[in-house]
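Chemist: If you scroll down you'll find the structure; I have some questions about it.
Numbering (our numbering), first residue to last: 1 to 135.
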């Protein structure tokens, strides 16, 4: 059997704090979502000024990254490059950049999804959060 790594509450809090710090440093009103490897919600934080819809989009991005085991930018690029049939894939609805998989030793532990600003800025906030784990 394999040993499976998983996120603990302390990890989730560290990711959230670092992501929030990155967003605040840049003045970005975003929603930050963290999920486990099955896409189950562990954390949702809507910063002051973030649009209401971002509280739906951020978890969708995180869930899609976690169950797809890759950053959502890959899905967005795939669709934009003509593979529109992927839009019919079940259980993935956050196919916009800003969902970033948390990977340790080749194993997906979960993901961070951010919504509220430009797609690359959403991804920047998510990556800053994950960097707090030092993986």
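For each residue, glycine too, the CB sits at the ideal point set by N, CA and C.
Under 8 Å by Cβ, that's how I've got residue 116 and residue 51 pegged, so tell me the actual separation to the nearest angstrom.
Modeler: As a position in the chain shown, residue 116 is number 116, starting the count at 1. As a position in the chain shown, residue 51 is number 51, starting the count at 1. Residue 51 and residue 116 do touch by the CB rule: their CB atoms are close to 6 Å apart, below 8 Å.
Chemist: Helix, strand or coil for residue 139, going by three-state DSSP, please let me know.
Modeler: Residue numbering for the chain in the displayed model covers 1 to 135; residue 139 lies beyond these limits and cannot be assessed.
Chemist: I'd like the ranges of any alpha helix (DSSP H) spanning at least 4 consecutive residues and lying wholly in the segment 50-132.
Modeler: 54-68, 72-80, 119-131
Chemist: Is it buried or exposed for residue 129, if we count other Cβ within 10 angstroms and need 16 for buried?
Modeler: Taking the first residue of the chain shown as 1, we reach residue 129 at position 129. Residue 129 should be labelled buried.
Chemist: Restricting to Cα atoms, I'd like to know which of 48, 94, 46, 76 is closest to residue 67.
Modeler: Residue mapping note: residue 67 aligns to position 67 of the chain shown, counting from 1. The shortest Cα separation from residue 67 among 48, 94, 46, 76 belongs to 94.
Chemist: Can you have a look at residue 2 and say buried or exposed, based on whether 16 or more other CB atoms are within 10 angstroms of its CB?
Modeler: Position 2 of the chain shown holds residue 2. Residue 2 should be labelled exposed.
Chemist: Our contact map puts residue 72 next to residue 98 with C-beta atoms below 8 Å; I'd like the distance itself, whole angstroms only.
Modeler: Locating residue 72 in the chain shown gives position 72, where the first residue counts as 1. Locating residue 98 in the chain shown gives position 98, where the first residue counts as 1. With 8 Å as the limit, residue 72 and residue 98 qualify as a contact, their Cβ atoms being about 6 Å apart.
Chemist: In three-state DSSP terms, what is residue 9?
Modeler: Counting from one through the chain shown, the residue named residue 9 turns up at place 9. It is helical.
Chemist: Hey, residue 15 and residue 112 are a contact pair by Cβ (cut 8 Å); roughly how many whole angstroms apart?
Modeler: The count along the chain shown starts at 1 and reaches residue 15 at position 15. The count along the chain shown starts at 1 and reaches residue 112 at position 112. Indeed they touch by this definition, with Cβ atoms about 6 Å apart.
Chemist: Using only the alpha-carbon positions, how far apart do residue 104 and residue 133 sit?
Modeler: Numbered from 1 along the chain shown, position 104 holds the residue referred to as residue 104. Numbered from 1 along the chain shown, position 133 holds the residue referred to as residue 133. One C-alpha to the other measures close to 10 Å.
Chemist: Smallest Cα separation from residue 59: which of 30, 80, 77, 107?
Modeler: Locating residue 59 in the chain shown gives position 59, counting from the first residue. Cα-wise, what sits closest to residue 59 is 30.
Chemist: Name, in chain order, the residues that DSSP records as bridge partners for residue 136.
Modeler: Within the shown structure, residues of the chain are numbered from 1 to 135, placing residue 136 beyond reach of any answer.
Chemist: Can residue 48 and residue 42 be called in contact, C-beta distance under 8 Å?
Modeler: Residue mapping note: residue 48 aligns to position 48 of the chain shown, counting from 1. Residue mapping note: residue 42 aligns to position 42 of the chain shown, counting from 1. No. Outside cutoff.
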